[in-house]
Each structure stands twice: as structure tokens, then as C-alpha cells.
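**Q**
Numbering (our numbering), first residue to last: 106 to 239.
1) Nearest CA to the CA of residue 177: which residue from 231, 208, 139?
2) What residue range does the beta strand (DSSP E) around residue 158 cover?
3) Of the choices 236, 203, 137, 226, whose alpha-carbon is the least far from that of residue 167?
4) Using three-state DSSP, classify residue 182 as helix, strand or coil.
5) Measuring CB to CB, does residue 175 end up less than 9 Å from residue 234?
6) From which residue to which residue does the alpha helix (DSSP H) around residue 236 run?
7) With distances taken Cα to Cα, identify the nearest neighbour of residue 132 among 124, 141, 125.
8) State buried or exposed for residue 144, treating a residue as buried only when at least 16 other CB atoms are found within 10 Å of its CB.
9) Can you name, in chain order, every residue of its own chain whose Cβ lies under 8 Å from the Cβ of residue 163, other than the five neighbours on each side?
10) Starting from residue 153, trace the beta strand (DSSP E) in both directions and tell me its first and last residue.
11) If distances are taken between C-alpha atoms only, which option among 152, 231, 220, 211 comes closest to residue 123?
12) Sort out for me which residues DSSP pairs residue 126 with in a bridge.
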């Protein structure tokens, strides 16, 4: 099952670096309702309050609007939008395109793995929420 579609069965990932990329039947962005470009599922881990590693899965939708704040996502969105406008390709061009887009998706996922929560900002917003000012 996936977070985006609880009835979809997704194969298990076999290694840390493996990505599952979904390009067909991608759901709309939950934030802005724009059509999603692709959906990526990958292994992810984080530290809990005790400092222990928590391992899990992460599923991210590439949205043409919301994802543009991330530089590597913006490059991928631009590439995909430009690619939609091109004519039919030869088999060699399709293979070269797969290699290029695969590298771009891998770079985007790595940028997502490097993102961390700003604990100070989170604490400040939580404090504002408690006081009813957020």
C-alpha cells in the first residue's frame, strides 16, 4: 500500500539505494491539487529524541508547483515539462533520456535525504500554536 493510494500494492525495496519510481497514474498534489509528475518511494531513516535510528519508507510526489522550492526538483520539473513538448524519439534517444532522467531523479532523492527539520523553528511555531498566535 502507498500513502497516496492505500489500495495500491508496492513491491518491497531490496537495498538502501533502490528507488521505486511511479510515472503512470500519479495522484494529484495533496497541497495544491496540481497533477503530479511522478512519485518516488525510497528507504529513509532519522534520529528519534533518544538519538536512535528509526528506519522507514518515504514517498514523495514531484509537483510542478510545490516542488520548485528544491533546486534539483525544479530542474527535474523543467526537464519533464520540456520533454513533454518534444516529438517522437529514436530508441537510442530514449535510452539516453532514461539515463539522464534517472540521474536527475537520484539527485533529487539525495537532496531530500539531506533535508532536516529546523528544530528551533519547529519549537517556536509549537510555542506560538500553544499560545494561540499561530
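For every residue, glycine included, the Cβ atom is placed at its ideal position computed from N, Cα and C.
**A** Taking the structure as given:
1) Nearest option by C-alpha distance: 208.
2) It spans 158-167 - the beta strand (DSSP E) in which residue 158 sits, taken as one unbroken run.
3) Taking only the C-alpha atoms, the option nearest residue 167 is 137.
4) Correct three-state label for residue 182: helix.
5) With a cutoff of 9 Å on beta-carbon distance, residue 175 and residue 234 are scored as not near each other.
6) Counting along the chain, the alpha helix (DSSP H) containing residue 236 begins and ends at 224-236.
7) Cα-wise, what sits closest to residue 132 is 141.
8) Counting of Cβ neighbours within 10 angstroms places residue 144 among the buried residues, the total reaching 16 or more.
9) Result list for residue 163: 146, 147, 148, 149, 217, in chain order.
10) Careful: residue 153 lies outside any beta strand (DSSP E) and carries neither H nor E.
11) The candidate whose alpha carbon is nearest that of residue 123 is 211.
12) Beta-bridge pairing links residue 126 to 145.
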